[in-house]
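Shown next, in structure tokens, is the structure this report addresses.
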Amino acid sequence: MATATDEQDAIIAALTPVIDGIAATFGSFCEVVVHDFRRPEESVVAIAGSVTGRAVGGAMSEIGMGILARGDEASDELNYLTRTRTGKIVKSSTMVLRDSSGTVFGALCVNLDITAVNQAHALIGELAGVAAGPAAVPTTTFGNDIGSVVDAIVDSHQLRQNKTWSELDRAGRLELFRSLDERGVFAVRRAVEQVATRLGISRASAYNYLSDARATPPVSTTDGTAPGATHHPDGAKP
82 MATATDEQDA IIAALTPVID GIAATFGSFC EVVVHDFRRP EESVVAIAGS
132 VTGRAVGGAM SEIGMGILAR GDEASDELNY LTRTRTGKIV KSSTMVLRDS
182 SGTVFGALCV NLDITAVNQA HALIGELAGV AAGPAAVPTT TFGNDIGSVV
232 DAIVDSHQLR QNKTWSELDR AGRLELFRSL DERGVFAVRR AVEQVATRLG
282 ISRASAYNYL SDARATPPVS TTDGTAPGAT HHPDGAKP
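Here the numbering used here is used: the sequence shown runs in plain steps of one and ends on residue 319.
Structure (structure tokens):
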């Protein structure tokens, strides 16, 4: 009798040859990736094209980790823009993979390098006299090493707070760990130890902060959001 694992393996196997056709259709600026969330540290199990520089055995990005954190409640993330560390503007869609029971176990991602298109659009607008200022695009870490992704998430949180770990009060420290947890960081093996090293604290302290963050509800500000929360106008997703 087939198990859920067998079904999930079959879905991934069926998608693997499909991604080559998608990448070939869109050309050299397209990358298509199949992620297996059952192995988050090296979730890339198939890839066609090269936009983010990853290979089979590579890691998911912050977007993927956020979907992983939401589990079966996750939904597709479509037509969002990110910027790689090397400056590429990437338009992406991430579609969750579910088995017949509704369990989310992976994702199919399409990444298009639109850097040249974006530059051409800006040039045409400038020539037509209707150029607008460049829109802010969040930088996302793509890499074969999940550790670099975890480090980037920790660093970006501290940059948003504009405070180092030693400058945060207890509420701020709990909020940092709560935010990292909500973004799927601690679904990665040994992530607690890595976060501890990044913050310069002991492993025991990191485990204690994580436990307390999960047990303590966030303190809302006057506008109803948690401290340090990022606002996204018009319902935009991070």
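The beta-carbon is built from N, C-alpha and C at its ideal position, and this holds for glycine as well. In this text the structure is predicted, and so the values were computed from the model without any measurement.
*Apply the 10 Å Cβ neighbour rule to D87 and answer buried if 16 or more other Cβ atoms are within range, or exposed otherwise.*
Residue numbering aside, residue 87 sits at position 6 when the sequence shown is read from its first letter. Per the 10 Å Cβ criterion, exposed.
*asked:* Measuring straight from C-alpha to C-alpha, what distance separates V230 and G145?
replied: Residue numbering aside, residue 230 sits at position 149 when the sequence shown is read from its first letter. Residue numbering aside, residue 145 sits at position 64 when the sequence shown is read from its first letter. Between V230 and G145, the C-alpha separation is close to 11 angstroms.
_In chain order, each beta strand (DSSP E) run of at least 3 residues that lies wholly inside the segment 114-173_ = 125-129 and 158-164
_Reduced DSSP category for N192 - H, G, I as helix; E, B as strand; rest coil_ = Taking the sequence shown and counting its residues from 1, the one referred to as residue 192 is at position 111. N192: strand per DSSP, three-state reduction.
*Taking just the CA atoms, how far does I234 sit from P64?*
A question about residue 64 goes unanswered here, because the residues of the chain that appear run from 82 up to 319.
_Spatially closest choice to V266 from L280, G281 and G228, by CA coordinates_ = Translated into the one-based positions of the sequence shown, residue 266 becomes position 185. If we check each option's Cα against that of V266, G228 comes out closest.
*Quick one: using the 10 Å Cβ neighbour count with 16 as the cut-off for buried, is N192 buried or exposed?*
As a working note, residue 192 is residue 111 in the sequence shown. With 16 or more other Cβ atoms within 10 Å, it is buried.
*Using three-state DSSP, classify V177 as helix, strand or coil.*
Walking along the sequence shown from the start, residue 177 turns up at place 96. V177 falls in the strand class under three-state DSSP.
*Determine the extent of the alpha helix (DSSP H) in which I92 is found, giving its start and end residues.*
Numbered from its first residue, the sequence shown carries residue 92 at position 11. Run containing I92: A85 to F107, per the alpha helix (DSSP H) assignment.
*asked:* Rounded to the nearest angstrom, what separates A95 and D101 at their Cα positions?
replied: As a first step, residue 95 must be located in the sequence shown, where it is residue number 14. As a first step, residue 101 must be located in the sequence shown, where it is residue number 20. Looking at the two C-alpha atoms, the distance is approximately 12 angstroms.
*With DSSP collapsed to three states, give me the class of F110.*
For this step, residue 110 is matched to residue 29 along the sequence shown. Three-state DSSP puts F110 in coil, outside helix and strand.
*When the Cα atoms are used, what is the spatial distance from R254 to V269?*
Sequence index remark: in the sequence shown, residue 254 carries index 173 (1-based). Sequence index remark: in the sequence shown, residue 269 carries index 188 (1-based). Take the alpha-carbon of R254 and the one of V269: they are about 20 angstroms apart.
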